[in-house]
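Position 52 of the sequence shown, counting from 1, maps to 60 under this note's numbering, and the rest follow consecutively.
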Amino acid sequence: MKINKSNKGVDKMDAKTFYGTEQRNTITYLEFGEIDIVEGEKKIWNFQLHQKAYDWLMLGRYSNDLFNTMKMEELLESGNMQEMINLYNEEIHHEDEASLNLAKLIAVAVTHKIPVLPKPSFYELGQTIFGCIEGMEFYKNLLKCANIKFPDVNLKNVTWYGVDISELFNYLSLVLHQNYNVVTMLTTESLPSKMDVFFAKGISILYAVRTLDQFFATIRKGKLAVFDYSFSLGKEEDTTIGSGKTVRYLNYSDFLNALKKADEVMYVKKSNSKIIKDKNRIWLDCIFGEKSLCEEYIKLDTSVRIALVQRFEGIQNTGKFLNNDISPEWVAVENYHHCNTKDRL
9 MKINKSNKGV
19 DKMDAKTFYG
29 TEQRNTITYL
39 EFGEIDIVEG
49 EKKIWNFQLH
59 QKAYDWLMLG
69 RYSNDLFNTM
79 KMEELLESGN
89 MQEMINLYNE
99 EIHHEDEASL
109 NLAKLIAVAV
119 THKIPVLPKP
129 SFYELGQTIF
139 GCIEGMEFYK
149 NLLKCANIKF
159 PDVNLKNVTW
169 YGVDISELFN
179 YLSLVLHQNY
189 NVVTMLTTES
199 LPSKMDVFFA
209 KGISILYAVR
219 TLDQFFATIR
229 KGKLAVFDYS
239 FSLGKEEDTT
249 IGSGKTVRYL
259 NYSDFLNALK
269 KADEVMYVKK
279 SNSKIIKDKN
289 RIWLDCIFGE
299 KSLCEEYIKL
309 DTSVRIALVQ
319 RFEGIQNTGK
329 FLNNDISPEW
339 VAVENYHHCN
349 TKDRL
């Protein structure tokens with residue numbers, strides 16, 4: 009396991025600008041205290057600003073996810089599937105967390121046989137504490153218990169690269185995964201030029217990129233990229249979001265024109281991509297890479313998710329866990345029809 013403390017990044021994205029900008033319209037804060045409901049008095053026991061506020065809140069959130077993923081593993085092994093689903097619904101912060109971990113596992117499965125580097129590699133931008141490793145191990149066991157055919161993948165043979173602007177998260181990623189080959193760093197400078205899988209949540213990409221060139225350079229770090237992203241349907245838009253950082257929404261038409269010049273293709277999951285009408289944006293659940301590799305991913309993704317729905321028949325409240333993927337449908341991004349989508353609220 010390795011940690012890289014370089015604070016310089018590709019395209020001059022240093023430790024400050026990589027996560028947004030310091031020209032804030034808002035300030036991130038975290039407050040902890042007590043309220044005397046009889047006297048109506050409030051006492052503040054701790055108050056943090058900026059990066060430490062973000063670190064402390066998110067560490068609690070992702071640690072709770074990790075803890076409950078391990079409890080779900082125990083319930084899976086005991087055969088208590090309904091209680092496992094109930095725990096997921098009650099405790100996992102992001103409703104689509106399980107679906108995302110399955111997507112990552114599928115990406116590793118279709119790329120690991122002919123790795124770019126000596127060993128299979130996985131790169132996540134904004135990995136926090138790399139809880140996806142436990143999430144993917146859980147899903148491996150779930151597919152086995154459900155008798156769903158899936159390629160044999162050894163996640164301990166993967167090199168896990170993580171880039172996060174939090175030194176705390178980078179360090180804890182190593183401490184929590186000493187049985188895995190984990191490499192973390194503050195910026196992208198020391199990354200290999202190419203890895204097997206790139207993954208990021210859309211918010212991490214929004215923080216990181218300011219131009220289409222940066223966008224394509226980011227997702228091209230993997231021979232297969234799995235991510236979501238929001239584009240502006242109007243002009244480029246800079247705005248401040250909940251963390252107190254500024255993000256940029258790139259123009260969708262400019263992106264489509266740039267994609268025409270690319271050697272790679274992009275597919276979107278039509279059943280999970282949406283228009284945000286009140287914001288004039290489009291949100292896409294994407295994969296990007298060589299056409300044959302994307303098609304292999306789509307084939308495995310579709311078969312596994314349909315099989316999961318069948319295996320979970322009779323178990324209640326599985327909508328969040330399965331991400332409502334009853335009939336997943338992928339289309340080339342240029343053929344994606346806005347009128348066939350639902351509003352993303």
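All C-beta atoms in this analysis are idealised placements derived from N, C-alpha and C, irrespective of residue type, glycine included.
7 angstroms CB neighbourhood of Asp246 in its chain, flanking five on each side removed | Thr254, Arg256
Compute the beta-carbon to beta-carbon distance between Asn229 and Phe263, rounded to the nearest angstrom, for a pair I have assumed lies under 8 angstroms.
-> Per the sequence shown, residue 229 should be read as Lys rather than Asn. That pair is no contact at about 18 angstroms.
Please specify which runs of the beta strand (DSSP E), each continuous and at least 3 residues long, are wholly inside the segment 203-267, giving them in chain order.
-> 203-208, 230-240, 245-248, 254-257
Between the segment 199-216 and the segment 112-132, do three or more beta carbon pairs fall short of 8 angstroms?
-> yes
Should Gly322 be labelled buried (16 or more other beta-carbon atoms within 10 Å of its own) or exposed?
-> exposed
For the beta strand (DSSP E) that Gln56 lies in, which residues bound it at each end?
-> 49-57
Going by CA-CA distance only, name the one from Leu176, Thr326, Lys307, Lys328 that's closest to Leu336.
-> According to the sequence provided, residue 336 is Pro. The question's Leu does not apply to it. Comparing Cα positions, the closest option is Lys307.
Between the segment 258-274 and the segment 289-299, do at least 3 Cβ pairs fall closer than 8 angstroms?
-> yes
Can you give the Cα-Cα distance for Tyr37 and Ala266, rounded to whole angstroms?
-> 38 angstroms
Give every residue of the same chain whose Cβ lies closer than 6 angstroms to the Cβ of Lys152, excluding the five residues on either side of it in the sequence, and list them in chain order.
-> none
Taking only runs of the beta strand (DSSP E) that begin and end inside the segment 106-137, which ones reach a length of at least 3 residues, in chain order?
-> 129-133
Quick one: Cα of Ile284 to Cα of Val46, how far?
-> 44 angstroms
DSSP three-state assignment for Gly87, whether helix, strand or coil = coil
In its own chain, which residues sit with a C-beta less than 7 angstroms from the C-beta of Thr136, not counting the 5 before and 5 after it?
-> Met66, Tyr70, Asp172, Phe177
Please state whether DSSP places Val341 in a helix, a strand or coil.
-> helix
Buried or exposed: Asp221, going by 16 or more other Cβ atoms within 10 Å of its Cβ?
-> exposed
Taking the CB atoms as reference points, tell me whether Ile156 and Ser238 lie closer together than 8 angstroms.
-> no
Which first and last residues belong to the alpha helix (DSSP H) in which Val317 is found?
-> 299-319
Contacts around Glu91, its chain only, beta-carbon distance under 6 angstroms, and the 5 residues preceding and following it disregarded = Leu83
Three-state secondary structure assigned by DSSP to Asp333 | coil
Please classify Phe75: does DSSP put it in a helix, a strand, or coil?
-> helix
Going by the beta-carbon positions, is the gap between Phe329 and Tyr62 smaller than 8 angstroms?
-> no
Tell me whether Gly143 sits in a helix, a strand or coil according to DSSP, three-state version.
-> helix
Rank Phe75, Tyr169, Glu85, Leu113 by C-alpha distance to the C-alpha of Asp309 and give the top, closest one.
-> Leu113
Tell me whether Leu163 sits in a helix, a strand or coil according to DSSP, three-state version.
-> helix
Can you name the start and end residues of the beta strand (DSSP E) that Leu38 belongs to?
-> 37-44
Which whole-angstrom value describes the C-beta separation of Ala117 and Val166, a residue pair presumed to lie in contact below a C-beta threshold of 8 angstroms?
-> Going by Cβ atoms, the distance from Ala117 to Val166 rounds to 11 angstroms, so no, they are not a contact pair.
Between Leu316 and Lys277, what straight-line distance do the alpha-carbon atoms span, to the nearest angstrom?
-> 17 angstroms
Expected contact under 8 angstroms - CB spacing of Leu232 and Ala115 to nearest Å | 5 angstroms
Taking DSSP as the reference, what is the three-state secondary structure of Asn94?
-> helix
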